[in-house]
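One structure is given below, encoded as C-alpha cells.
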Amino acid sequence: MTASIRPAVGAPHARIWGVGGYRPVRVVPNSELIERIDSSDEWIQSRSGIKTRRWANDEETVAEMSIAAAGKALAHAGISADQVGCVIVSTVTHLKQTPAIATEIAYRLGAGGGRAAAFDVSAACAGFCYGLTLANDLIRGGSAEYVLVIGVERLSDLTNPDDRGTAFIFGDGAGAVVVGPSDVPGIGPVVWGSDGSNSEAIEQTESWEELRDNAEATFPTLRMEGQKVFRWAVWEMAKVCKEALDAAGVAVGELDAFIPHQANMRITDAMIKALQLPAEVPVARDIAESGNTSAASIPLAMERMLETGEAPSGGTALVMGFGAGLVYAGQVITLP
Ligand code: COA
10 MTASIRPAVG APHARIWGVG GYRPVRVVPN SELIERIDSS DEWIQSRSGI
60 KTRRWANDEE TVAEMSIAAA GKALAHAGIS ADQVGCVIVS TVTHLKQTPA
110 IATEIAYRLG AGGGRAAAFD VSAACAGFCY GLTLANDLIR GGSAEYVLVI
160 GVERLSDLTN PDDRGTAFIF GDGAGAVVVG PSDVPGIGPV VWGSDGSNSE
210 AIEQTESWEE LRDNAEATFP TLRMEGQKVF RWAVWEMAKV CKEALDAAGV
260 AVGELDAFIP HQANMRITDA MIKALQLPAE VPVARDIAES GNTSAASIPL
310 AMERMLETGE APSGGTALVM GFGAGLVYAG QVITLP
C-alpha cells in the first residue's frame with residue numbers, strides 16, 4: 010500500500026509585520042565624485058535625482074549591515090529571532106561564492122535558535138520583491154511561520170569610480186522585513202518575470218574565471234547600458250505595476266503609497282505618469298539621499314516613509330523591483 014503523506018499546513022495569508030533599515034555612516038555627496046567622471050552636481054541631480062549616497066566602511070560589511078537592519082525589523086514586528094524559520098538574503102554584492110551569507114546572518118541573529126533555514130537570492134534590484142514572494146509562499150505553504158527577508162548591498166565594492174555611466178548611481182545599505190501569518194491577505198499576487206535576452210544590459214564586467222585566467226584582468230565592477238535600461242524600465246515596468254494592481258484588485262487611487270525600486274528619480278516620475286497615479290499618493294524618493302541600493306532600496310524607502318509619517322502603518326502600498334537580469338517583480342502589500 011502506498012503511504013499517504015501528511016501535507017504541510019500553512020497560514021491562510023501572510024503580511025509584513027516589521028521593517029528596519031541600516032544606512033552606512035559615510036555620506037558621499039556628488040561633489041566627491043564629479044572630478045573623476047568629468048560631471049557636475051547639477052548634471053547628476055537632473056539625470057538621476059541623486060544628491061548623496063552612503064558608502065560602507067570596512068566594518069559595515071554585508072553581514073553587519075544585515076544584522077543591524079534585521080534587528081530593527083524584528084523589534085518593529087515584536088517577534089523574537091527564535092520565531093524565525095527562514096532567512097532569505099537578497100544581494101549581488103556578497104563577494105564570496107559559497108557559502109551563502111544568509112547562514113552566517115541567521116546564526117548570528119539566533120534565527121530559529123540559530124538553526125533557521127537560510128539562503129541567498131540573486132535577483133539584483135528585484136531581489137527584495139523576489140524574496141517577499143518566496144516568504145509569502147513559504148508561510149502559506151507551511152514551510153515557515155515567520156520569514157526574515159533582507160535586501161543588502163555594498164555596491165561601492167563593484168563600482169568603477171571612473172565610469173561615467175555608473176559611478177554616481179550606486180549606494181550601500183540594508184533593509185529587512187519580517188513576514189508572518191495573517192488572517193487577511195497582506196501580500197497580493199506577484200507579477201514577475203525575466204528577460205535574459207537583455208542580460209548584458211547590466212552586468213559584472215569580468216567573470217571570476219576571466220579574473221583567474223587573464224593576467225591583465227582587473228577586479229570586476231558593474232557596467233550598464235544606461236539608455237537601454239532606462240527605456241525598458243519606463244515602458245515595461247509601468248505595465249507590470251498596472252498588472253500587479255489588477256491582480257490584487259486594487260485601484261491606483263486606493264494606494265496609500267507607491268514604493269518603486271529606487272533606480273533613478275526620472276524612471277519613478279515616468280512610472281507615476283504612465284500609472285496616472287493621483288498626486289495625493291505619496292511616492293518613495295529615498296534615492297535623493299541614498300542612491301540606488303539595489304535589493305535594499307525598497308525596504309529602506311519603506312522604513313523612511315513610515316518613520317516620517319509620509320505613509321501610514323497598515324496602509325496599502327505598491328512595491329515594484331526591476332534590474333539586472335533583466336528581472337522584475339511587483340506586488341500590492343499592506344504596510345507594517
Ligand atoms: N556626467 C556628465 N555628463 C555625462 C555623464 C556624466 N556622468 N555621463 C554621460 N554624460 C554625457 C554624455 O557624454 C553625453 O553628452 P553629449 O550629448 O554631449 O554626447 C550626454 O551626457 C548623454 O549621455 P548618455 O550616456 O546618453 O546619458 P543618458 O542621458 O542616458 O544618462 C544615465 C545616463 C545613466 C543617467 C541614464 O541612462 C539612466 O538613468 N539610465 C538608467 C539607469 C538606471 O536607473 N539604472 C538602474 C537600473 S536598476
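Residue numbers for the sequence shown follow our numbering, beginning at 10 and rising by one. The beta carbon of each residue, even a glycine, is placed where N, CA and C say it ideally should be.
DSSP three-state assignment for residue i, whether helix, strand or coil
i, result
"residue 203", "strand"
"residue 285", "coil"
"residue 29", "strand"
"residue 345", "coil"
"residue 304", "helix"
"residue 181", "strand"
"residue 23", "strand"
"residue 232", "strand"
"residue 176", "coil"
"residue 272", "coil"
"residue 71", "helix"
"residue 191", "strand"
"residue 260", "coil"
"residue 46", "coil"
"residue 310", "helix"
"residue 65", "coil"
"residue 338", "strand"
Beta-carbon proximity of residue i to residue j, cut-off 8 angstroms
i, j, result
"residue 35", "residue 64", "yes"
"residue 300", "residue 135", "no"
"residue 345", "residue 25", "yes"
"residue 203", "residue 335", "yes"
"residue 79", "residue 153", "no"
"residue 98", "residue 75", "yes"
"residue 198", "residue 272", "no"
"residue 137", "residue 158", "yes"
"residue 133", "residue 111", "no"
"residue 187", "residue 323", "no"
"residue 82", "residue 29", "yes"
"residue 325", "residue 265", "yes"
"residue 118", "residue 90", "yes"
"residue 20", "residue 173", "no"
"residue 116", "residue 123", "yes"
"residue 258", "residue 287", "no"
"residue 60", "residue 297", "yes"
"residue 144", "residue 305", "no"
"residue 209", "residue 181", "no"
"residue 114", "residue 189", "no"
"residue 249", "residue 279", "no"
"residue 56", "residue 37", "no"
"residue 229", "residue 42", "no"
"residue 283", "residue 260", "no"
"residue 31", "residue 176", "no"
"residue 195", "residue 342", "yes"
Between the CA atoms of residue j and residue i - distance to the nearest angstrom
i, j, result
"residue 303", "residue 12", "46 angstroms"
"residue 337", "residue 211", "13 angstroms"
"residue 233", "residue 164", "13 angstroms"
"residue 49", "residue 120", "45 angstroms"
"residue 285", "residue 222", "51 angstroms"
"residue 191", "residue 308", "20 angstroms"
"residue 18", "residue 315", "33 angstroms"
"residue 68", "residue 14", "48 angstroms"
"residue 339", "residue 141", "10 angstroms"
"residue 40", "residue 237", "27 angstroms"
"residue 213", "residue 231", "5 angstroms"
"residue 151", "residue 92", "14 angstroms"
"residue 53", "residue 311", "24 angstroms"
"residue 94", "residue 10", "34 angstroms"
"residue 103", "residue 71", "7 angstroms"
"residue 274", "residue 313", "16 angstroms"
Run of the alpha helix (DSSP H) containing residue i, from where it starts to where it stops
i, result
"residue 238", "235-257"
"residue 295", "Looking at the DSSP string, residue 295 is not in any alpha helix (DSSP H), and its letter there is neither H nor E."
"residue 15", "Looking at the DSSP string, residue 15 is not in any alpha helix (DSSP H), and its letter there is neither H nor E."
"residue 219", "217-222"
Endpoints, beta strand (DSSP E) assigned at residue i
i, result
"residue 326", "325-332"
"residue 264", "Looking at the DSSP string, residue 264 is not in any beta strand (DSSP E), and its letter there is neither H nor E."
"residue 115", "From DSSP, residue 115 is part of no beta strand (DSSP E) but of the alpha helix (DSSP H) over 110-118."
"residue 59", "Residue 59 -> no beta strand (DSSP E), and no H or E assigned at all."
"residue 157", "155-163"
"residue 35", "35-38"
"residue 212", "211-213"
Proximity test, residue i beta-carbon vs ligand 3 heavy atom, cut-off 7 angstroms
i, result
"residue 296", "No copy of ligand 3 appears in this structure; the ligands present are ligand 1."
Fully enclosed by the stretch 73-151, which beta strand (DSSP E) runs are 3 residues long or longer? 93-99 and 126-130
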